[in-house]
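In UniProt numbering, the protein residues as written are 1 to 291.
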């Protein structure tokens with residue numbers, strides 16, 4: 001809003017609240033490793049980084065175990081409440097946690113965790129804004145949801161995007177070869193300008209590292225969904241004036257001539273006879289003047 005109301009030409013971009021679905025068909029090791037890789041980069045400050053992960057109930061225990069094995073810390077119930085009150089204050093992100101290490105954030109909440117913890121994970125159920133973990137957190141803090149099925153996962157992802165990530169980024173881990181229908185539905189339903197498949201969203205969203213479809217940029221447009229004037233990754237082309245010189249040219253005109261054209265006064269009887277008997281036609285188009 002500040003950019004657009006400054007009185008100068010501006011390209012504003014929006015907030016992200018990236019959900020990452022882990023489908024039952026996903027490569028669990030790749031999914032967990034990718035999310036940790038993404039979430040720990042720059043301590044989660046990239047706006048495209050995963051804010052929540054939604055895991056199918058059939059593989060939930062296995063995914064949870066893999067997160068723990070790789071150095072993530074699952075908050076206990078009493079710890080969860082303390083961290084809730086720390087990450088979001090009066091409905092807004094607590095600036096003190098942004099870009100901080102997990103151990104620092106935990107200490108702010110009065111929770112003791114191992115020094116080498118990679119990501120703080122809160123297992124929660126609600127996707128409403130009344131749940132602090134459903135917000136954008138810009139830190140190595142991750143919400144984790146259990147989905148009953150793929151439709152439930154999609155519904156949760158849609159709500160998380162509506163909570164504060166319209167137009168930004170969504171992510172899914174899935175077997176893209178065998179689950180094409182699921183993938184197509186995810187692509188269609190997510191109101192985000194970046195839809196990432198089997199990709200660490202921090203790196204995938206900023207382009208070039210894990211795909212060749214998004215331009216390298218740290219300024220990610222959210223389109224009309226997010227109230228922005230651009231839906232792409234903002235780059236040099238958005239900052240230049242393009243002058244077009246157009247000289248007069250006219251579109252080509254054409255018509256299809258019939259196989260035979262009968263002209264001159266008195267041709268009509270001959271023409272009608274030939275059209276009927278030789279060509280076997282029942283109707284003809286006649287162009288004439290008033291004589």
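All C-beta atoms, glycine included, are put in the ideal place defined by N, C-alpha and C.
In the DSSP annotation of this structure, the continuous segment of the beta strand (DSSP E) that includes residue 122 starts and ends at 120-123.
Taking each of 209, 24 and 34 in turn and checking the Cα distance to residue 58, the smallest one comes out for 24. Of all alpha-carbon atoms in 110, 257, 50 and 22, the one lying nearest the alpha-carbon of residue 75 is that of 110. Counting every other CB atom within 10 Å of its CB across the protein chains shown gives residue 5 a total below 16, marking it as exposed. Residue pairing by DSSP places residue 233 opposite 220 in a beta bridge. Between the alpha carbons of residue 138 and residue 104 lies a gap of roughly 14 Å. Scanning its chain for C-beta atoms nearer than 6 Å, with the 5 sequence neighbours on each side dropped, one finds around residue 216 the residues 207 and 208, in chain order.
Residue environment analysis places residue 167 among the buried positions, since at least 16 neighbouring C-beta atoms fall within 10 angstroms of its C-beta. Between residue 51 and residue 90, the CB-CB gap reaches or exceeds 8 Å.
The DSSP-derived three-state label of residue 240 is coil.
Cβ-Cβ separation between residue 201 and residue 38: approximately 5 Å, consistent with a contact (criterion under 8 Å). Closest by C-alpha distance to residue 258, out of 192, 286, 155 and 182, is 286.
When C-beta atoms of the segment 67-83 are compared with those of the segment 115-133, three or more pairs fall below 8 Å, so the two segments count as touching.
Buried is the label assigned to residue 199, since at least 16 other Cβ atoms lie within 10 Å of its Cβ.
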